[in-house]
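In terms of the working numbering, the sequence shown has 1182 at position 139, counting the first letter as 1, and numbering is strictly consecutive. All C-beta atoms in this analysis are idealised placements derived from N, C-alpha and C, irrespective of residue type, glycine included.
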Amino acid sequence: MHAAPGASPLAPEWLTVPADLNELHEPLWAGSVARAQDGELAVGGLSVSALKEQFGTPLFVLDEADFRARARAFKDSFDAAFADVCGGVDVYYAGKSFLCTAVVTWVAEEGLRLDTASGGELAVAARAGIAGERVALHGNNKSDAEINRALDMGLGRIVVDSLDELTRVGAIAQGRGELAKVMLRLTPGVHAHTHEFIATAHEDQKFGLSMASDSTEEAGLSAAEQAVAAAAAHPGIDLLGLHCHIGSQIFEPDGFALAAEKLLRFLAAMQDKYGIVMPELDLGGGYGIAYTPVDTPRPAADIAVAMAAVVRSTCAELGITAPRISIEPGRAIVGSTTFTLYEVGTRKTVRVDAPGGDGAADNVTYPRRYVSVDGGMSDNARPVLYDADYSAILANRTSDAAAQLSRVVGKHCESGDIVVRDVYLPADVAAGDLLAVPGTGAYCWALSSNYNYLARPGVVAVRDGSARLIVRGETEEDLLNRDMGA
Ligand SMILES: *Cc1c(COP(=O)(O)O)cnc(C)c1O
């Protein structure tokens, strides 16, 4: 049980009562977010109440300079760390985390490239006008139309996920009299999450070509090796190299390093055995960000240095020229650039038995306050999907009221419709107040839905004191547009 004043026995172990409920915990927020003189939260000098006035709530508020800075930080720190290894790194922004034409433009302007995973994402890339050479296409079940579109756009790489797909991509390219530039997605048996990784010999997931030697009918030949041999021999395929992606929300470099080492050893063995050169190696994305005050992600530069050390020493040991390295961060570029602005509606307080049963015996209960906001699982599905934790702060004013353990919930017809499971908020938070939930730039708008016929929120980009919609919010008309009538 907690001893701190205001602490609730219902709070999870990791959650502490902030010394000052009005203070921003810096790693959670975009660079230009701060309390203004009058106590209001402001981004790029624009107050949240002005943003609400102009654009309504819920609203995704993105700091454009912060996005650009995080994109540059990846590019610059990986370039620096790998300069002597392979002359720099190609950074592919993982578009699935949040994609619109403005974002594609920023990515291209900052010297990054773009990862896509569907025809629709390719359509956004095409609309934004990024050069096809700088775009990659992923996916474990690409359609013929998507493969053709990739070839039409002259994509820099198609990341092939299976032996079936290799055959299809090869045949389509050959039929067009072209060469498809292909990376092979391998599963190195390394699975990382936040602070740990596990390494297994076998893979039990839908993505990628297994490196395990019993993964095909042919004894001793892995699916990965079969694919290398087939790709190298195929007249429709230009085999660029290998790819892996080991997980998401990863804080420590050791999982990336182990995967890099496994892939390099395999790459060297294949080059030797089949007399080919694979000039590229993609180590995927998954770099973690802070969602709550206990998350402590490392700067991109630290991870880059650790990964470069392993690539450098492994290539030296194997006596091979290091392939050109690429990476695919999504969340770590866009996640912290954005907060969601909600308006508070109803509140209620329930009494709950203390966890662990020590209070239940003598009938001691504790209050948990539910604070409802005007969005929910339709604009942030991650708490429902992954039990993801978030944090929230009173945004339209400061408060000296006592801390109260609160659960921020949405307005959907689901009791699991939770936005922030546990957070201390001032006791006087009331209807009409604004709450800001940071860290919602990645996989929130992207996963948004129209559940309960809620209109999906817009995304506003703030830069140099001005705000513009980069994706407008839906209207009631949008909601009815596809209803064909009785
Ligand atoms: C999702 C994904 C990424 C990006 O992951 P983040 O956790 O957002 O960095 C990169 N590469 C591949 C293949 C992915 O599927």
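Runs of 3 residues minimum, wholly inside the stretch 1425-1458: which ones carry the beta strand (DSSP E) assignment?
Listed in chain order, they are 1446-1452.
Which same chain residues end up closer than 6 Å to Glu1107 when comparing Cβ atoms and leaving out the 5 residues on each side of it in sequence?
Excluding positions up to five away in sequence, the list reads Ala1504, Arg1506.
Taking His1236 and Gln1292 to be in contact with their CB atoms under 8 Å, please state how far apart those CB atoms are, rounded to whole angstroms.
About 7 Å separates the two Cβ atoms, so the contact holds.
May I have a chain-ordered list of the alpha helix (DSSP H) segments no shorter than 4 residues that lie completely inside the stretch 1118-1197?
Within the stretch 1118-1197, the complete alpha helix (DSSP H) runs of at least 4 residues are 1144-1152, 1162-1171, 1187-1195.
Smallest Cα separation from Glu1056: which of Ala1435, Val1480, Pro1398?
Selected option, being the one with the closest Cα: Pro1398.
Does the Cβ of Ala1312 have 16 or more other Cβ atoms within 10 Å, making it buried, or fewer, making it exposed?
Exposed, by the Cβ-count rule.
Which residue wins for smallest C-alpha separation from Pro1426, given the options Ala1444, Asp1122, Arg1450?
If we check each option's Cα against that of Pro1426, Arg1450 comes out closest.
Kindly indicate which residue of Tyr1135, Phe1121, Tyr1136 has the alpha-carbon position closest to the one of Cys1129.
Ranking the options by Cα distance to Cys1129, first place goes to Phe1121.
So Asp1471 packs on Ser1442, CB below 8 Å; how close in whole Å?
With a Cβ gap of about 6 Å, Asp1471 and Ser1442 count as contacting.
Report the option in Gly1328, Leu1180, Ala1276 whose CA atom is closest to the CA atom of Ser1288.
With the sequence shown as reference, residue 1288 is identified as His, and Ser is not the correct amino acid for it. For the residues Gly1328, Leu1180, Ala1276, the minimum Cα distance to His1288 belongs to Gly1328.
Does DSSP put Tyr1496 in a helix, in a strand, or in coil?
It is helical.
Which runs of the beta strand (DSSP E) at least 3 residues long sit entirely within the stretch 1225-1308? Give them in chain order.
Those beta strand (DSSP E) runs which fall completely within the stretch 1225-1308 and span 3+ residues are 1233-1237, 1239-1242, 1280-1286, 1290-1293.
Applying the 10 Å Cβ sphere with the 16-neighbour rule, what's the burial state of Val1514?
Buried: at least 16 other Cβ atoms inside 10 Å.
Quick one: using the 10 Å Cβ neighbour count with 16 as the cut-off for buried, is Gly1528 buried or exposed?
With fewer than 16 Cβ atoms within 10 Å of its Cβ, Gly1528 is classed as exposed.
Do Leu1478 and Val1387 come within 8 Å of each other at the CB atom, strictly closer than that value?
Result yes, Cβ atoms of Val1387 and Leu1478 sit closer than 8 Å.
Is it right to say Thr1364 is buried, meaning 16 or more other beta carbons lie within 10 angstroms of its own, or is it exposed?
By the neighbour-count rule (16 or more Cβ atoms within 10 Å), Thr1364 is not buried but exposed.
Take the Cβ of Glu1533 as the centre, count every other Cβ of all protein chains shown within 10 Å, and call the residue buried at 16 or more, exposed below.
Beyond the ends of the chain as shown, which are 1044 and 1529, falls residue 1533; an answer cannot be given.
Using only CA atoms, which one of Cys1143, Ile1376, Val1353 lies nearest to Tyr1330?
Per the Cα distances, Ile1376.
Let me check one thing: in DSSP terms, what residues is Val1104 bridge-paired to?
BP columns for Val1104 point to Phe1382, Val1503.
Count the other C-beta atoms from every protein chain shown that fall within 10 angstroms of the C-beta of Arg1525, then say buried if there are 16 or more, exposed otherwise.
Looking at its Cβ environment, which holds fewer than 16 other Cβ atoms inside 10 Å, Arg1525 is exposed.
Select from Gly1418, Pro1322, Met1254 the residue whose C-alpha is nearest the C-alpha of Gly1501.
For the residues Gly1418, Pro1322, Met1254, the minimum Cα distance to Gly1501 belongs to Gly1418.
In three-state DSSP terms, what is Ser1356?
DSSP places Ser1356 in helix when its eight states are reduced to three.
Does the beta carbon of Arg1177 fall short of 7 Å from some heavy atom of ligand 1?
Incorrect: Arg1177 has no Cβ contact closer than 7 Å to ligand 1.
For Val1091, which three-state DSSP category applies?
Three-state DSSP puts Val1091 in a helix.
If the criterion is Cβ atoms closer than 8 Å, does the pair Glu1066 and Ala1114 meet it?
No; because the gap between Cβ atoms is not below 8 Å, this pair is not in contact.
Please confirm whether Val1202 and Ala1179 have their CB atoms less than 8 Å apart.
Taking 8 Å as the Cβ cut-off, Val1202 and Ala1179 qualify as a contacting pair.
Distance check for Ala1276 and Glu1345, CA to CA, integer angstroms please.
A quick correction: the sequence has Asp, not Glu, at residue 1345. In a straight line, the C-alpha of Asp1345 is about 39 Å away from that of Ala1276.
Which value, in whole angstroms, describes the spacing of the CA atoms of Arg1228 and Thr1380?
Taking the straight line joining both Cα atoms gives about 29 Å.
Identify which residue in Arg1367, Gly1298, Val1134 has its Cα closest to the Cα of Asp1127.
Here the closest residue by C-alpha is Arg1367.
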